[in-house]
Each structure stands twice: as structure tokens, then as C-alpha cells.
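Okay, structure first, notes after.
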Amino acid sequence: MQKTSCVYSKVYDIKYYEQNVRGDLKESSLLNFLQDIATLSAESLGFGPSFVFSNNYAWVVLKYHIELYKEMKNIGALTIKTEPRGTSKLYAFRDFELYTKNGAIAGRVISAWALIDMKSRKLLPVQKILARYMPVYEKKDTDLEYNKIIPPQQTDYQKLFDVRFDDIDVNHHANNCNYIIWALETLDNQFRLEHIPVVIDIKYRKEVSLGAKVLSIAQKISENDKIYTRHIIKDLSSDEELTSLLIQWA
Numbered sequence: 103m104q105k106t107s108c109v110y111s112k113v114y115d116i117k118y119y120e121q122n123v124r125g126d127l128k129e130s131s132l133l134n135f136l137q138d139i140a141t142l143s144a145e146s147l148g149f150g151p152s153f154v155f156s157n158n159y160a161w162v163v164l165k166y167h168i169e170l171y172k173e174m175k176n177i178g179a180l181t182i183k184t185e186p187r188g189t190s191k192l193y194a195f196r197d198f199e200l201y202t203k204n205g206a207i208a209g210r211v212i213s214a215w216a217l218i219d220m221k222s223r224k225l226l227p228v229q230k231i232l233a234r235y236m237p238v239y240e241k242k243d244t245d246l247e248y249n250k251i252i253p254p255q256q257t258d259y260q261k262l263f264d265v266r267f268d269d270i271d272v273n274h275h276a277n278n279c280n281y282i283i284w285a286l287e288t289l290d291n292q293f294r295l296e297h298i299p300v301v302i303d304i305k306y307r308k309e310v311s312l313g314a315k316v317l318s319i320a321q322k323i324s325e326n327d328k329i330y331t332r333h334i335i336k337d338l339s340s341d342e343e344l345t346s347l348l349i350q351w352a
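What follows is the structure, encoded as C-alpha cells:
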């Protein structure tokens with residue numbers, strides 16, 4: 103691990119259980135890596151777990167845009183670099199870069215986060231609270247862009263999942279990596295064996311707690327010679343949207 107300025111870097115050795123049957127790095131494993139290095143980076147800069155737990159705050163991720171330029175198959179190790187990009191009134195922004203063992207760039211990720219009060223579950227004025235730690239966000243010409251996520255217009259696939267005890271993290275709701283598992287597990291196995299995600303957009307809207315049932319719905323579309331799946335994950339009892347995803351496949 104090495105920290106240079108505000109850029110934090112870590113090498114992740116890929117374990118066999120972090121790969122799927124094709125030998126690809128699991129998408130949920132990648133999200134766990136992103137969450138881990140974001141936590142380490144924030145801690146090194148003064149606004150990580152030590153800061154948030156002592157104030158009864160919590161960081162929650164709101165959205166990701168992930169672009170993968172290399173096939174994540176039997177890669178052995180992945181180096182991830184991350185850098186906080188600054189804040190707006192209510193949101194904090196963080197970028198990531200992914201590299202293979204030989205130093206080739208394998209992907210880029212942008213993300214948006216919120217700081218919440220654990221008691222009220224309300225968003226906190228992150229720009230004000232973190233003024234001494236992060237500057238105001240300024241856009242660069244090289245920044246990636248989030249894709250608009252349109253909900254499925256028809257149900258090609260659907261599956262029901264229970265929210266299990268081990269799906270819940272220390273913030274007392276399902277960890278963000280579960281949602282991409284629920285989305286992808288809804289697709290048929292043959293499609294997953296023949297295709298890999300190359301662009302993933304995720305928007306988290308609402309938390310879900312232990313004992314809930316979630317309904318995952320997906321639609322497969324072809325557009326301009328590209329294959330996409332649209333996903334929506336709902337709380338079955340309330341019909342509230344929890345998360346939506348748009349995935350482009352190769």
C-alpha cells in the first residue's frame with residue numbers, strides 16, 4: 103500500500119473465490135475492492151471510519167459508473183488507485199483507476215457518496231463538514247460521464263431474493279455489493295457464460311434491511327449492435343425501487 107498526495111494505491115491479489123466459473127473477477131468482488139480502498143483512502147486523509155464512527159455518521163455510496171477496458175479473466179492481481187475529487191453541498195465524489203500486473207490500465211470508475219446521520223438517516227452537509235479535508239468539486243475534461251438508467255420496459259427475467267443476515271453490514275442495511283449480485287443472478291446462465299460486462303452504471307436509491315424480500319427484474323435489449331441489460335431491484339412489500347442498473351455487455 104502506498105499513499106502519494108491524495109492518491110491511494112493498493113494491490114489486490116485475486117483469490118479463487120473472488121472469480122466466477124469463467125475465471126472472471128466477480129463484479130461483486132470488484133465493488134468490495136472499491137469500497138475497501140475508498141475506506142482506506144478516507145481514513146488516511148482524516149474522514150474515514152475513525153471520524154465517522156466517532157460522530158455517529160456513515161458513508162453511503164449513491165452511484166457508480168464503471169468502464170472495463172481489459173477482460174478480468176485469470177488476472178491474478180489488480181492494482182487500484184483512488185482519489186477523492188471534492189464535494190458539492192450534499193455529495194462527495196471519488197475516482198478510481200484499475201491496472202493489471204504489467205501496469206496496463208484495465209478500467210476507470212467514478213462514484214458519488216453521501217454522509218448520513220446514523221440516528222436520523224438524513225443526508226448531512228458534506229461540503230461544510232469536510233471543508234478542511236476536501237475542496238469543492240471541479241469537473242475535468244477527461245472525466246467519465248454517468249449513463250442515464252432507464253428502468254426495464256418489459257420483464258424478460260425476474261427473481262425473488264431474501265435479505266439474509268450476512269447481507270447486512272455495520273450500517274445495518276444490505277451492503278451495496280449485494281445489489282449487483284441480485285441483478286446478475288436474475289439473468290440466465292448461458293448468457294452469463296457467453297458475455298462479460300464492459301460498462302456498468304448503478305444508482306442506489308433506498309436501503310433495505312434484514313428479513314426483507316427483494317424482487318429483481320431485468321430486460322435485455324440490443325441497440326446499435328450493442329447488448330444491454332436494464333435492471334431494477336424493488337422491495338417486494340412496499341414496491342419501492344431500491345437500485346437500478348444499466349449494463350453493457352461484450
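Read in order, the letters of the sequence shown are residues 103 to 352 in the numbering used here.
Ideal Cβ placement from N, Cα and C applies to all residues, glycine included.
Keep in mind that this is a model prediction, so the values were computed, not measured.
Asked	Found
Inter-stretch contact at 8 Å, needing at least 3 Cβ pairs: the segment 128 to 148 / the segment 220 to 230	no
CB of Lys-315 within 8 Å of CB of Leu-338, strictly	yes
Given Glu-342 as reference, the closest of Tyr-330, Leu-317, Tyr-259 once Cα atoms are compared	Leu-317
Close Cβ partners of Leu-192 (< 7 Å) along its chain, the five nearest in sequence each way excluded	Ala-216, Leu-225, Pro-227, Val-228
Buried versus exposed call for His-274 [16 or more other C-beta atoms within 10 Å across all chains shown]	exposed
Three-state class that DSSP yields for Arg-234 in the structure shown	coil
Whole-angstrom distance between Ile-207 and Lys-172, CA atom to CA atom	8 Å
Given Leu-289 as reference, the closest of Arg-332, Ala-144, Val-310 once Cα atoms are compared	Arg-332
Beta-carbon proximity list for Asp-126, same chain, < 8 Å, skipping 5 on both sides	Glu-173, Met-174, Lys-175, Ile-298
3-residue-minimum beta strand (DSSP E) runs that sit fully inside the segment 279 to 310, ordered along the chain	299 to 306
Cβ neighbours of Tyr-281 in the same chain (closer than 8 Å, five flanking residues each side left out)	Ile-304, Tyr-306, Ile-335, Leu-344, Thr-345, Leu-347
Val-211 classed as buried or exposed, judged by whether at least 16 other C-beta atoms fall within 10 angstroms	buried
DSSP-derived helix/strand/coil call for Phe-149	coil
Reference Ile-168; option with closest CA among Lys-242, Ile-302, Thr-202	Ile-302
Classification of Ser-152 by the beta-carbon crowding that lies within 10 angstroms, buried from 16 upward	exposed
Through-space distance from Leu-132 to Gly-178, alpha-carbon basis	13 Å
Local Cβ density within 10 Å of Phe-149, reported as buried at 16 or more and exposed below that	buried
Beta bridge counterpart(s) of Asp-264 as assigned by DSSP	Lys-315
Counted within 10 angstroms of its Cβ, other Cβ atoms place Phe-198 as buried (16 or more) or exposed	buried
Three-state class that DSSP yields for Val-154 in the structure shown	helix
Ala-320, DSSP secondary structure in three states	strand
Neighbour-count burial assignment, Arg-223, 16 or more Cβ in a 10 Å radius	exposed
For Ile-139: DSSP bridge partner residues	Ile-139 is not bridged to any residue.
Asp-269, DSSP secondary structure in three states	helix
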